[in-house]
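Peer 1: Okay, so the sequence shown: first residue is 2 according to my numbering, each after it adds one.
One structure follows; several queries about it will come next.
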Amino acid sequence: MDVHDPLLVDLSHVDFIKQSGALGRLLQVSSSGRDISVHLPRILAHCIKLEAHRTVRLLAYHALRHCRATPADWNKALLPIILKDAVRVDESELAIAAWHLLSCIPPTSLDSYFANAGLSATSSSSSLSSSSSSSVTSSSFSSSSSLMTMANMRSLDLTSVA
2 MDVHDPLLVD
12 LSHVDFIKQS
22 GALGRLLQVS
32 SSGRDISVHL
42 PRILAHCIKL
52 EAHRTVRLLA
62 YHALRHCRAT
72 PADWNKALLP
82 IILKDAVRVD
92 ESELAIAAWH
102 LLSCIPPTSL
112 DSYFANAGLS
122 ATSSSSSLSS
132 SSSSSVTSSS
142 FSSSSSLMTM
152 ANMRSLDLTS
162 VA
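In structure tokens, the structure reads:
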């Protein structure tokens, strides 16, 4: 992989238009049947950040659905941001893209993420709200708990989400 490759340069660029173009090209490559997982580190480092432009995150979520991420990738880099986006009420398109991406995550990664955070899918929101050290709100935990239940069924029907 050439570090001077325009795709790599654009993925790392601070301009969201260049990043969006690079992610669009990655999606084209993926649609032709080629694996784009080699670009996962750059996507994680530059495109999946809370301060990243909304369009960049939307395209990155779509690209990540075509990448093979390890459980460590999901737990350390992806899940914290994806879960925050999944419960957003001000950006419905971003929330829907996050939910679609969550449907691709292996349930074991979700289980280990919540276990590392000291939460379980069977915990009640009242026990969460009594914990002063948790920064997760009760409403987002309820959504996450529902997600855990759905993920354990290994299927999320998001076509009915409007």
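Where is the CB? At the ideal position from N, CA and C, for every residue including glycine.
#1: Given this structure, state the Cα-to-Cα distance separating Gln-29 from Ala-116, to the nearest angstrom.
#2: Taking its Cβ as the centre, do 16 or more other Cβ atoms sit within 10 Å of Asp-16, making it buried, or is it exposed?
#3: What separation, rounded to the nearest whole angstrom, lies between the Cα atoms of Asp-11 and Ser-93?
#4: Assuming Ile-18 contacts Cys-68 (C-beta within less than 8 Å), just tell me the rounded distance between them.
#5: Just curious, the alpha helix (DSSP H) that Glu-52 is in, first and last residue?
#6: Mapping DSSP to helix, strand and coil, what is Glu-94?
#7: Taking 9 Å as the threshold (C-beta atoms), are Lys-85 and Leu-51 in contact?
#8: Output the distance between the C-alpha atoms of Thr-71 and Ser-21, rounded to the nearest integer angstrom.
#9: Would DSSP call His-14 helix, strand or coil?
#10: Measuring CB to CB, does Leu-60 end up less than 9 Å from Gly-34?
#11: Compare the C-alpha of Cys-105 against each of His-14, Tyr-62, Leu-45 and name the closest.
#12: Arg-58 to Val-88, Cα distance in whole Å?
Peer 2: The relevant details are as follows:
#1: 37 Å
#2: exposed
#3: 27 Å
#4: Contact doesn't hold; Cβ gap of about 22 Å is too wide.
#5: Premise fails: Glu-52 is in no alpha helix (DSSP H) and is neither H nor E.
#6: helix
#7: yes
#8: 24 Å
#9: coil
#10: no
#11: Tyr-62
#12: 15 Å
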